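Engineer:
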Ligand code: ASN
Ligand code: ZN
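Residue numbers (mature numbering (1 follows the signal peptide of the UniProt record, and there is no 0)): 182 to 513.
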């Protein structure tokens, strides 16, 4: 950790964690001075404006229950800190824009709002409280997913429709998984599932599965011509699947207690290279090769170019990138 994390967050999803805060006089507030002054605000069911900066007489935030207004703030502030630390310490990018400036989070958006979103216009992210079975949207992977929309907007700028939109969404899911693994949190372990904590379906299933995206009933496992007309949260499936295959390889596997089974579209096996290398390849492709109009074929070209630069074109890593794309029907 780079900053001074004196605060204690009693989160809903990640147990007791340390938080970066600031003290002025006898008041503490959720300003993370070690991470670009990222702040967390309470919208208190409003839907506009910045809201009120979380502050109080002690440096303890939340009690682990959604009924305590600070709990969602603790989760959101923690997710933002992890995302900051991941991009800075793993990918060498300080802040979403790479300029050292923190964004801000807003929690308790609206009434029973079942979503979370990033907005480049305010350079901020926003979380609803969920409704019915759906819990607050403040899990680590959702935070990282949304903040990664900011990274994508400030790098490749992948247009949010068609194939580039699917790649944009997949980029957010890929780094959501990467940040969750990076966190190493025993209450919210790293996995290749998206949104498994927030129970948005009300039956305990995640929002998305990266090993076999079609398990959600809507996402696509492999590329096909025409996938560009599918909702971006489903046309992301093949790229999520690519990332899983490149990281872990095809077939059945258990990681952190979660079981996966990832078949390939061509039936040929893929040997994984580990998620750290896979994430590095995707990040370098996103930031040095992808453009606003990158489609699946161009993403293959870009990631192969990066793999060649990093590891050489005769490397196992380069071969794995080729095979993982072939496994989702790109470049075969
Ligand atoms: N949570 C959604 C997402 O990040 C919000 C949206 O549709 N843009 O994709
Ligand atoms: Zn998204």
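From the three backbone atoms N, C-alpha and C, an ideal C-beta is built for every residue, glycine too.
Since the structure is predicted, the reported quantities are computational estimates derived from the model, not experimental observations.
Please state the DSSP three-state secondary structure of residue 493.
Structural biologist: coil
Engineer: Hey, residue 143 and residue 509 are a contact pair by Cβ (cut 8 Å); roughly how many whole angstroms apart?
Structural biologist: The question about residue 143 has no answer here: the residues shown for the chain are numbered 182 through 513.
Engineer: Do the region 339 to 350 and the region 372 to 382 make contact, defined as three or more Cβ pairs closer than 8 Å?
Structural biologist: no
Engineer: Do residue 254 and residue 198 have their C-beta atoms within less than 7 Å of each other?
Structural biologist: no
Engineer: Any heavy atom of ligand 1 within a distance shorter than 6 Å of the CB on residue 297?
Structural biologist: Yes, Cβ of residue 297 sits closer than 6 Å to a heavy atom of ligand 1.
Engineer: Is residue 353 near ligand 2, judged by its Cβ being under 6 Å from some heavy atom?
Structural biologist: yes
Engineer: What do you get for residue 412, buried or exposed, if any count of 16 or more other CB atoms within 10 angstroms of its CB means buried?
Structural biologist: Sixteen is the threshold: since fewer than 16 other Cβ atoms of the shown chains lie within 10 Å of the Cβ of residue 412, the residue is exposed.
Engineer: Residue 303: buried (16+ other C-beta within 10 angstroms of its C-beta) or exposed?
Structural biologist: Around the beta-carbon of residue 303, fewer than 16 other beta-carbon atoms lie within 10 Å, marking it exposed.
Engineer: Less than 7 Å separating the beta-carbons of residue 505 and residue 427?
Structural biologist: yes
Engineer: What would DSSP say about residue 506, mapped onto helix, strand or coil?
Structural biologist: helix
Engineer: Between 314, 318 and 211, which lies nearest to residue 307 when the distance is taken from Cα to Cα?
Structural biologist: Nearest option by C-alpha distance: 318.
Engineer: Buried or exposed: residue 280, going by 16 or more other Cβ atoms within 10 Å of its Cβ?
Structural biologist: exposed
Engineer: Around the C-beta of residue 195, are 16 or more other C-beta atoms found within 10 angstroms, so that it is buried, or is it exposed?
Structural biologist: buried
Engineer: Between the beta-carbon of residue 421 and the beta-carbon of residue 351, is there less than 7 Å?
Structural biologist: yes
Engineer: How is residue 436 classed by DSSP in three states: helix, strand or coil?
Structural biologist: strand
Engineer: In chain order, what residues of the same chain lie with their CB nearer than 6 Å to the CB of residue 183, ignoring the 5 residues before and after it?
Structural biologist: Unreliable positioning characterises residue 183 in this predicted model, as indicated by a pLDDT of 39, which lies under 50. A coordinate reading is not provided.
Engineer: Considering only the beta carbon of each residue, do residue 425 and residue 392 sit closer than 7 Å?
Structural biologist: yes
Engineer: For residue 190, report the span of its beta strand (DSSP E) as first-last.
Structural biologist: Where residue 190 is concerned, the enclosing beta strand (DSSP E) starts and stops at 188 to 191.
Engineer: Whole alpha helix (DSSP H) runs in the region 214 to 294 with 4 or more residues, listed along the chain?
Structural biologist: 250 to 266
Engineer: Indicate the three-state DSSP secondary structure (helix, strand or coil) for residue 423 in the structure shown.
Structural biologist: helix
Engineer: For the region 484 to 504 and the region 465 to 472, state whether three or more C-beta atom pairs, one from each stretch, are separated by less than 8 Å.
Structural biologist: yes
Engineer: So what does DSSP say about residue 467, is it helix, strand or coil?
Structural biologist: helix
Engineer: I want to know whether the region 261 to 278 touches the region 215 to 228 - three or more CB-CB distances under 8 Å.
Structural biologist: yes
Engineer: Could you please give the first and the last residue of the uninterrupted alpha helix (DSSP H) stretch that includes residue 331?
Structural biologist: 321 to 334
Engineer: Is any non-hydrogen atom of ligand 2 found closer than 6 Å to the C-beta of residue 350, if you look at the structure I gave you?
Structural biologist: yes
Engineer: Under a Cβ-count criterion, where at least 16 other Cβ atoms within 10 Å of its own Cβ denotes burial, should residue 440 be classed as buried or exposed?
Structural biologist: exposed
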